[in-house]
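Throughout the sequence shown, residue numbering follows our numbering, covering 1 to 137 in sequence. For glycine and all other residues, C-beta sits at the position ideal for the given N, C-alpha and C.
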Amino acid sequence: MTITELHNSTTVKERILIVEDNELHRLITHDCLEAEGYTVLSLPDGLNFFSALAEFQPGLLLLDLKLPCIDGLTLLQQLKSSAWSAVPVIVASAYAFQSEKQKAIDLGACAYLTKPIALENLVKTIEVELKTAYSII
């Protein structure tokens with residue numbers, strides 16, 4: 001299925017963009033969210049981030065911080081100063097330091113989850129953030 005076909009078959013709130021460099025984490029999260037009924041697009045890095053945003057038009061972004069080429073905090077900062085600033089962002093990172101969490105929140109992340117993340121907790125956090133952002137669910 002192409003991105004255009006995915007876009008035409010779902011509403012914005014049902015689409016989640018994952019940016020995660022760890023292939024296993026990316027695949028597990030992708031499959032879990034699809035099983036929950038979301039349409040998911042996954043990227044291994046931030047190189048095609050803005051073109052994916054424009055094509056896929058996600059309702060929520062799940063973002064790792066430690067990424068190759070361009071780090072998650074830089075992507076978050078660029079996102080929040082772009083036309084996509086209203087898209088809620090959940091940061092999912094192995095960085096457990098309060099300073100990293102605070103940076104992400106200060107840059108506009110709506111939630112920060114420290115890996116490893118229980119899939120039930122991830123799904124619940126996504127539901128809460130979508131409800132907050134779009135008054136749904």
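C-alpha gap between residue i and residue j, whole angstroms
{"i": "Ile18", "j": "Thr11", "result": "17 angstroms"}
{"i": "Met1", "j": "Leu41", "result": "Below a pLDDT of 50, predicted positions are generally treated as unreliable, and Met1, at 46, falls in that range; no measurement from the model is reported."}
{"i": "Glu100", "j": "Gly37", "result": "31 angstroms"}
{"i": "Trp84", "j": "Asp31", "result": "25 angstroms"}
{"i": "Lys182", "j": "Ser135", "result": "Outside the shown range of the chain (1 to 137) lies residue 182, about which nothing can therefore be said."}
{"i": "Lys103", "j": "Ala35", "result": "32 angstroms"}
{"i": "Leu79", "j": "Ala118", "result": "26 angstroms"}
{"i": "Glu13", "j": "Pro44", "result": "It is Lys, not Glu, that sits at residue 13 in the sequence shown. Their Cα atoms are separated by approximately 22 angstroms."}
{"i": "Glu55", "j": "Glu120", "result": "29 angstroms"}
{"i": "Arg26", "j": "Leu62", "result": "10 angstroms"}
{"i": "Asp71", "j": "Tyr112", "result": "15 angstroms"}
{"i": "Glu20", "j": "Leu60", "result": "14 angstroms"}
{"i": "Gly46", "j": "Pro68", "result": "8 angstroms"}
{"i": "Val87", "j": "Leu75", "result": "13 angstroms"}
{"i": "Ile16", "j": "Thr39", "result": "6 angstroms"}
Beta bridge counterpart(s) of residue i as assigned by DSSP
{"i": "Tyr134", "result": "According to DSSP, which records beta bridges pairwise, Tyr134 is partnered with nothing at all."}
Opening and closing residue of the alpha helix (DSSP H) in which residue i lies
{"i": "Ile111", "result": "With the sequence shown as reference, residue 111 is identified as Ala, and Ile is not the correct amino acid for it. No alpha helix (DSSP H) holds Ala111; the beta strand (DSSP E) holding it covers Ala111 to Thr114."}
{"i": "Ala104", "result": "Gln98 to Asp106"}
Cβ-heavy atom distance, residue i to the ligand COA, below 6 angstroms
{"i": "Thr29", "result": "What this structure holds is no ligand at all, so the ligand COA is not there to describe."}
Between the segment 104-114 and the segment 34-54, can you find at least three pairs of beta-carbon atoms closer than 8 angstroms?
Note that the segment 34-54 does not touch the segment 104-114; fewer than 3 beta-carbon pairs, one per stretch, sit closer than 8 angstroms.
Per the contact definition of three or more C-beta pairs closer than 8 angstroms, is the segment 124-131 in contact with the segment 93-102?
Segment contact: the segment 93-102 against the segment 124-131, fewer than three CB-CB distances shorter than 8 angstroms; contact not assigned.
Ignoring anything shorter than 3 residues or poking outside the segment 14-92, list the beta strand (DSSP E) runs there in chain order.
Taken in chain order, the unbroken stretches of beta strand (DSSP E) that lie wholly in the segment 14-92 and span 3 residues or more are 15-19, 39-43 and 60-63.
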